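For reference, the structure is listed below as structure tokens.
2 protein chains.
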Amino acid sequence: MATRVFLSEDEMPRQWYNIAADLPSPLQPPLGPDGNPVTPEMLAPIFPMSLIEQEVSQERWIDIPEEVLSILAKWRPSPLHRAYSLEKFLGTPARIYYKNESVSPAGSHKPNTAVAQAYYNKQAGVKRLTTETGAGQWGSALAFASAQFGLECKVFMVRISFDQKPYRKLMMQTWGADCVPSPSTETQAGRDVLAKYPDTPGSLGIAISEAVEAAVTDPRGETKYSLGSVLNHVMLHQTVIGLETRKQLEKFGEKLPDIVIGCAGGGSNFAGLAFPFAHEKINGADIEIIPVEPSSCPTLTRGPFAYDLGDFSGMTPLLPMHTLGHNFVAPPIHAGGLRYHGMAPLVSQAVVEGLLNPRSIHQLECYEAAMTFARTEGIIVAPETSHAVAGAIQEATRAREEGKEKVIVFNLSGHGLVDLKGYEAYMNGELHDYEFPQEELDENLKALEGFPRAETVKSGRW
Amino acid sequence: MATRVFLSEDEMPRQWYNIAADLPSPLQPPLGPDGNPVTPEMLAPIFPMSLIEQEVSQERWIDIPEEVLSILAKWRPSPLHRAYSLEKFLGTPARIYYKNESVSPAGSHKPNTAVAQAYYNKQAGVKRLTTETGAGQWGSALAFASAQFGLECKVFMVRISFDQKPYRKLMMQTWGADCVPSPSTETQAGRDVLAKYPDTPGSLGIAISEAVEAAVTDPRGETKYSLGSVLNHVMLHQTVIGLETRKQLEKFGEKLPDIVIGCAGGGSNFAGLAFPFAHEKINGADIEIIPVEPSSCPTLTRGPFAYDLGDFSGMTPLLPMHTLGHNFVAPPIHAGGLRYHGMAPLVSQAVVEGLLNPRSIHQLECYEAAMTFARTEGIIVAPETSHAVAGAIQEATRAREEGKEKVIVFNLSGHGLVDLKGYEAYMNGELHDYEFPQEELDENLKALEGFPRAETVKSGRW
Numbered sequence: 012m013a014t015r016v017f018l019s020e021d022e023m024p025r026q027w028y029n030i031a032a033d034l035p036s037p038l039q040p041p042l043g044p045d046g047n048p049v050t051p052e053m054l055a056p057i058f059p060m061s062l063i064e065q066e067v068s069q070e071r072w073i074d075i076p077e078e079v080l081s082i083l084a085k086w087r088p089s090p091l092h093r094a095y096s097l098e099k100f101l102g103t104p105a106r107i108y109y110k111n112e113s114v115s116p117a118g119s120h121k122p123n124t125a126v127a128q129a130y131y132n133k134q135a136g137v138k139r140l141t142t143e144t145g146a147g148q149w150g151s152a153l154a155f156a157s158a159q160f161g162l163e164c165k166v167f168m169v170r171i172s173f174d175q176k177p178y179r180k181l182m183m184q185t186w187g188a189d190c191v192p193s194p195s196t197e198t199q200a201g202r203d204v205l206a207k208y209p210d211t212p213g214s215l216g217i218a219i220s221e222a223v224e225a226a227v228t229d230p231r232g233e234t235k236y237s238l239g240s241v242l243n244h245v246m247l248h249q250t251v252i253g254l255e256t257r258k259q260l261e262k263f264g265e266k267l268p269d270i271v272i273g274c275a276g277g278g279s280n281f282a283g284l285a286f287p288f289a290h291e292k293i294n295g296a297d298i299e300i301i302p303v304e305p306s307s308c309p310t311l312t313r314g315p316f317a318y319d320l321g322d323f324s325g326m327t328p329l330l331p332m333h334t335l336g337h338n339f340v341a342p343p344i345h346a347g348g349l350r351y352h353g354m355a356p357l358v359s360q361a362v363v364e365g366l367l368n369p370r371s372i373h374q375l376e377c378y379e380a381a382m383t384f385a386r387t388e389g390i391i392v393a394p395e396t397s398h399a400v401a402g403a404i405q406e407a408t409r410a411r412e413e414g415k416e417k418v419i420v421f422n423l424s425g426h427g428l429v430d431l432k433g434y435e436a437y438m439n440g441e442l443h444d445y446e447f448p449q450e451e452l453d454e455n456l457k458a459l460e461g462f463p464r465a466e467t468v469k470s471g472r473w
Numbered sequence: 012m013a014t015r016v017f018l019s020e021d022e023m024p025r026q027w028y029n030i031a032a033d034l035p036s037p038l039q040p041p042l043g044p045d046g047n048p049v050t051p052e053m054l055a056p057i058f059p060m061s062l063i064e065q066e067v068s069q070e071r072w073i074d075i076p077e078e079v080l081s082i083l084a085k086w087r088p089s090p091l092h093r094a095y096s097l098e099k100f101l102g103t104p105a106r107i108y109y110k111n112e113s114v115s116p117a118g119s120h121k122p123n124t125a126v127a128q129a130y131y132n133k134q135a136g137v138k139r140l141t142t143e144t145g146a147g148q149w150g151s152a153l154a155f156a157s158a159q160f161g162l163e164c165k166v167f168m169v170r171i172s173f174d175q176k177p178y179r180k181l182m183m184q185t186w187g188a189d190c191v192p193s194p195s196t197e198t199q200a201g202r203d204v205l206a207k208y209p210d211t212p213g214s215l216g217i218a219i220s221e222a223v224e225a226a227v228t229d230p231r232g233e234t235k236y237s238l239g240s241v242l243n244h245v246m247l248h249q250t251v252i253g254l255e256t257r258k259q260l261e262k263f264g265e266k267l268p269d270i271v272i273g274c275a276g277g278g279s280n281f282a283g284l285a286f287p288f289a290h291e292k293i294n295g296a297d298i299e300i301i302p303v304e305p306s307s308c309p310t311l312t313r314g315p316f317a318y319d320l321g322d323f324s325g326m327t328p329l330l331p332m333h334t335l336g337h338n339f340v341a342p343p344i345h346a347g348g349l350r351y352h353g354m355a356p357l358v359s360q361a362v363v364e365g366l367l368n369p370r371s372i373h374q375l376e377c378y379e380a381a382m383t384f385a386r387t388e389g390i391i392v393a394p395e396t397s398h399a400v401a402g403a404i405q406e407a408t409r410a411r412e413e414g415k416e417k418v419i420v421f422n423l424s425g426h427g428l429v430d431l432k433g434y435e436a437y438m439n440g441e442l443h444d445y446e447f448p449q450e451e452l453d454e455n456l457k458a459l460e461g462f463p464r465a466e467t468v469k470s471g472r473w
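Order-wise, the sequence lines are chains X and C. For the first sequence, the working numbering begins at 12 and goes up steadily by one. For the second sequence, the working numbering begins at 12 and goes up steadily by one.
Spelled out as structure tokens, the structure:
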């Protein structure tokens, strides 16, 4: 009985899977401030055309360039583990598997898209990438990927994270990136905020504004902007996770899983594992697919599907997605990567159509699950990943109660070695759960008034 | 051309390699304070008998218990990487390989022996392990391993590290270990030191004293002590590294390497990779085997082979080893794991007999090598590991100058994600090199006066 299954490099997926080709109703376009669809040309100052083409592509399979594969091969295919120790601890008849994305140099799944984005930018003659980062996972992934292609990389890091997470900043600097606290004095957007609020802790919205401005105002025209989640091409690049997992489950002697679980913030690690299995489900397989989000940021479970802004300050187009309102401020839970007000349009639409069964779990249950996981399987997972672990434990416990041999697979999206402060707070009894009153959520959603309606409906097939 | 080669679990080594069976002259025994050899019985209050038997064993191959293998399988066999990006950067005809021990849950090679030691203690009915830790790598590895076997674990962490490295402490606590700063008020040894020096930053010597005392004074008799390097059984447990590497090199199409490199502090990661290749060398293969140590702690390159204490305060027996004197205090370089005054007796004797070619490298060159490695291969290595990287770069550069297709393999003993402060100091230009004047080293060695002489001589075969 194997504990882990690898694939050889020959068995790596050579194509990404694009779920947009298979969704029952077509994805609705992003809209500009005037309510008209955003055209590819309008995005050209921000992204290279090859990524814009992927963003709107209806092709089911898209080739992965050899140069991208050769860098992914530094840590991919990543291992799929059978969680024998956890199963034994839970006394469950379920067979639990987890895909270990923590083995990448940056410690998470984020480099899967960072490498692809750096490659396409390099191909387009871009010399420098800008981005924002909150918790720091994405900034460090893009810094790593930029070094692989000899690109300059500029990261605007939310000031409070910059101050609280010196190790993330040091990772970026070691890979040669320039990481500055946001708001900074380097952009008009940053200077404007600092003039008004010199002591602001910053926000992801402000950092996005700075990163986009730094890209589009480069006088040499050699800078583009890069985003680590939410967008269609980011989901696409992450599907290597699920494609590998399918092959590895076969090597374990499993046909298809009964239950697929990932944590969901912007949606990229979840989609990476889940979309290839959603493909099977669209083709008739019986699979329950569960995105797990924090109860304190219940985008999929309590937010409507609607057109909303991607950021606080309105720099982005309107996107059709589950949202809590672009002015929503999540409580300061430690899973910083899951505090986004919206959700990837592809994930959101798959929820509306009934392909996915979202669930929210409270922070304390997630940390308890993470502690159990560390002491059984041995890996200290990221606070974000703890939501997937908690979901898997819920399902394995249900399988025990029902006496069913379920096959459960979840995505171990990252390790928590650079984010241990949350564990400290949990062990010290300093964490609390928070459930939003409905009135408060409703109040936030008033910000959507006047925006066009998003039209997708439940397909009724699932 | 593969970037990484794995082995399946079926191909994992089932036996450890014991170089004591193959050294030209027999290993000299540890001596007690009276100058007489320490008998196995004298060690019984500290270690379980199965480990003491391994400590003195002359068997060449020792079976790895199934229970140990099943836990090692959570991350072993670890990958062997071909360093294409580094080779290209250096423009070398050498083929560079590295064994990636950073993929363990604790991020280094240390769990290889921690799991074995926890297993044998559990078998012997032990309920609780004590140990000391300086930089924190060993303490976290033993905490992880203790959780795997349901053992309690108590770690005495040198106070200055305890204060400076909160993440290491949090890792141990997450795995359920009790980690206290040393000197502590929990032992007589700790209380004595605190009474005299209430503001002491602590030392490894003091922490060892506390850990041993806490083991031998347990009124229930259910506590033993565990050590993470130096001892023969620790070297033994680490040989899975080199045994796997040999098989993986074959899969890469290589027969044997020309050059084998590891960083050396107490000696365990170096021995783990090198001893199986030293076995080939003893049997006639032409391999240069290089332990790399910091120039500021030049145990192998400038210290004599002599009987000396393993710790500062004389709690340990006299060991036959290369040493700078047990009162040697290394400068505060960031490779905390390489600041030990002595070296494993097995490594020391292999040096005296001419099997190994030790080398020292200065800190700045090591960090420069680590930065190059991070930006080419992508992995941020531990400050200790940077010495092996620097050694490999020296050899690859020489191969370029000589136009030779050398096969170089080194041990990537751990990642540096929890030890990034050293990188910060390097990038800020705050680090300096330090070369000890000979008089200073000579002065330290006066502490050895009156100790018995160690007798091993160069065999003349190499």
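C-beta atoms are modelled at their ideal positions from N, C-alpha and C, and glycine is treated no differently. Treat the numbers as computed from the prediction; the structure is a model and nothing was measured.
>> What does the alpha-carbon distance come out to for the pair N243 of chain C and T228 of chain C?
In response: 25 angstroms
> Candidates X:A146, X:V271, X:S151, X:K133: which alpha carbon is nearest L162 of chain X's?
Replying inline: X:K133
> Taking 7 angstroms as the CB-CB cut-off, is T383 of chain X touching chain C?
Replying inline: no
> Would the stretch 343–363 of chain X and the stretch 38–58 of chain C be scored as touching if the rule is three or more Cβ pairs under 8 angstroms?
Replying inline: no
> Are the C-beta of M438 of chain C and some C-beta of chain X separated by less than 7 angstroms?
Replying inline: yes
> Do you know how far the Cα of R179 of chain X is from the Cα of P122 of chain X?
Replying inline: 15 angstroms
> Using the C-alpha atoms, what's the distance from D444 of chain C back to A341 of chain C?
Replying inline: 12 angstroms
> Can you list, in chain order, the stretches of the beta strand (DSSP E) that have 3 or more residues and sit fully within the stretch 193–240 of chain C?
Replying inline: 234–236
> Are the stretch 406–425 of chain C and the stretch 447–466 of chain C touching, with three or more C-beta to C-beta distances below 8 angstroms?
Replying inline: no
> In terms of residues, what are the limits of the beta strand (DSSP E) holding N422 of chain C?
Replying inline: 418–423
> With a cut-off of 8 angstroms, do at least 3 Cβ pairs link the stretch 127–143 of chain C to the stretch 276–284 of chain C?
Replying inline: no
> Span of the alpha helix (DSSP H) holding Y95 of chain C?
Replying inline: 95–101
>> Could you compute how far the alpha carbon of S195 of chain C sits from the alpha carbon of A225 of chain C?
In response: 11 angstroms
> So the beta strand (DSSP E) G273 of chain C belongs to, where does it begin and stop?
Replying inline: 270–274
>> Taking a contact to mean a Cβ-Cβ separation below 7 angstroms, would you say A218 of chain C touches W186 of chain C in this structure?
In response: no
> With 7 angstroms set as the bound, which would you pick, yes or no: does the beta-carbon of L428 of chain X sit closer than that to a beta-carbon of chain C?
Replying inline: yes
> Taking E299 of chain C as the reference, which of C:I372, C:L38, C:V418, C:W72 has the closest Cα?
Replying inline: C:V418
> List, in order along the chain, the chain C residues whose C-beta lies closer than 7 angstroms to that of R386 of chain X?
Replying inline: A158, W186, G187
> Quick one: what's got a C-beta closer than 8 angstroms to P48 of chain X's C-beta in the same chain, skipping five residues either side?
Replying inline: P40, P41, L42
> Mind pulling the chain C residues with CB within less than 9 angstroms of P116 of chain X?
Replying inline: A385, E388, G389, I390, I391, H426
>> Please list, in chain order, the chain C residues whose beta carbon lies closer than 8 angstroms to that of R25 of chain X.
In response: Within 8 angstroms Cβ-Cβ: nothing; R25 of chain X doesn't reach chain C, min ~15 angstroms.
>> As a quick exercise: from X:H248, X:M246, X:L247, X:S220, pick the residue whose alpha carbon is nearest that of Y479 of chain X.
In response: Because chain X here runs from 12 to 473, residue 479 of chain X falls outside it and cannot be looked at.
>> Distance cutoff 7 angstroms, beta carbons only. Does A13 of chain C sit that close to anything in chain X?
In response: yes
> How about F17 of chain X: is its C-beta nearer than 7 angstroms to some C-beta of chain C?
Replying inline: yes
> Does DSSP put S119 of chain C in a helix, in a strand, or in coil?
Replying inline: strand
> Is the beta carbon of G314 of chain X sitting closer than 7 angstroms to the one on L215 of chain X?
Replying inline: no
> Whole alpha helix (DSSP H) runs in the stretch 443–468 of chain C with 4 or more residues, listed along the chain?
Replying inline: 449–456
> According to DSSP, is V16 of chain X helix, strand or coil?
Replying inline: strand
> Looking at C-alpha atoms only, which residue of C:L367, C:G213, C:D210 is the closest neighbour of L284 of chain C?
Replying inline: C:L367
>> Quick test of the definition: if touching needs 3 or more C-beta pairs under 8 angstroms, does the stretch 168–177 of chain X touch the stretch 197–205 of chain X?
In response: no
>> Quick test of the definition: if touching needs 3 or more C-beta pairs under 8 angstroms, does the stretch 384–395 of chain X touch the stretch 89–103 of chain X?
In response: yes
> E450 of chain C to P309 of chain C, Cα distance in whole Å?
Replying inline: 14 angstroms
> So is A125 of chain C in contact with chain X if we call contact Cβ pairs under 7 angstroms?
Replying inline: no
> Using 8 angstroms as the Cβ pair cut-off and three pairs as the minimum, do the stretch 390–404 of chain C and the stretch 427–434 of chain C touch?
Replying inline: yes
> Alpha carbon to alpha carbon, what distance is there between L91 of chain X and P35 of chain X?
Replying inline: 30 angstroms
> Taking the alpha carbon of G213 of chain X as the point to measure from, which residue in X:D203, X:T327, X:A125, X:P192 has its own alpha carbon closest?
Replying inline: X:P192
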